[in-house]
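Novice: Before I ask anything, let me first share the structure, which is written out below as structure tokens.
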Amino acid sequence: MYKIFFLFLTTVCYIGATAQTIKHTPPVNGYKYVHIDDADHDFGNIEYGKTVKYTVKMKNISNDTLALTNVVVSCGCTTPEYKKGSYPPGAEMDITIGFNGYEEGNFQKNLSILFQDNKVGQIVKTLHFKGTGIKKDKDTQ
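Numbering follows the working numbering, in which position 15 of the sequence shown is assigned residue number 13; successive positions increment by one, without gaps.
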């Protein structure tokens, strides 16, 4: 009985040790695939708590159709507005970036825009924006 159990256990361990692992392809930097007009935006001085927005214009400069799949933000203070979908070569797309303004002093935030390409896999393009949150005194309002 122990021999059968030991043989079974050895077989299971051998199969688990020799199983193929899933190959993970790291994301590709999107500089050759997507052009962004304002990848580093500066809001300048903004009033504390005041929502500000800007729109980023992008263009598919690759030879393949790219699927815009997601926009990942660095914090909950940032809200992207975008349309998921497929964009053929030469197509333009917009993403509106909203920031709630609840930062006092200098701030810098990042967004990662994720695309999917059938040939190269996931493509990532990163945006940055910064500014300075100015809290007004109650006496000056």
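Glycine included, every Cβ here is placed at the ideal spot set by N, Cα and C.
So K128 packs on F105, CB below 8 Å; how close in whole Å?
Specialist: Going by Cβ atoms, the distance from K128 to F105 rounds to 6 Å, so yes, they are a contact pair.
Novice: Report buried or exposed for E45, applying the criterion of at least 16 other Cβ atoms within 10 angstroms of its Cβ.
Specialist: So E45 ends up on the exposed side.
Novice: Please state if the CB of V69 and the CB of Y80 are separated by a distance shorter than 7 Å.
Specialist: Yes.
Novice: So, L66 versus K48, is the Cβ gap smaller than 7 Å?
Specialist: No, Cβ-Cβ distance for L66 and K48 is not below 7 Å.
Novice: Scan the stretch 10 to 91 and note each continuous beta strand (DSSP E) run of 3 residues or more that stays entirely inside, going in chain order.
Specialist: With a minimum length of 3 residues, the continuous beta strand (DSSP E) runs that stay inside the stretch 10 to 91 are 32 to 34, 38 to 45, 50 to 58, 64 to 71, 76 to 79 and 83 to 85.
Novice: Can you tell me which of Y85, P86, L64 and I95 puts its alpha carbon nearest to the alpha carbon of P78?
Specialist: Here the closest residue by C-alpha is I95.
Novice: Our contact map puts I59 next to Y85 with C-beta atoms below 8 Å; I'd like the distance itself, whole angstroms only.
Specialist: So it is not a contact: roughly 11 Å between Cβ atoms.
Novice: Can you tell me the Cβ-Cβ gap for E101 and G74, rounded? I've got them flagged as a contact below 8 Å.
Specialist: That belief does not hold up - the Cβ atoms of E101 and G74 are roughly 12 Å apart, past 8 Å.
Novice: Let's see if you can read the secondary structure: which residues bound the beta strand (DSSP E) around V118?
Specialist: Element bounds for V118: n/a, residue is neither H nor E.
Novice: Contact check, D38 vs H126 under 8 Å by CB: the rounded distance?
Specialist: At roughly 5 Å, the Cβ-Cβ gap stays under 8 Å, so D38 and H126 are in contact.
Novice: Using a 10 Å radius around the Cβ and a threshold of 16 neighbouring Cβ atoms, would you call M(-1) buried or exposed?
Specialist: With fewer than 16 other Cβ atoms within 10 Å, it is exposed.
Novice: Please state the DSSP three-state secondary structure of K134.
Specialist: Coil at K134, not helix or strand.
Novice: Rounded to whole angstroms, what's the CA-CA distance from P87 to D62? Just pull it up for me.
Specialist: If I take the Cα positions, the gap works out to 6 Å.
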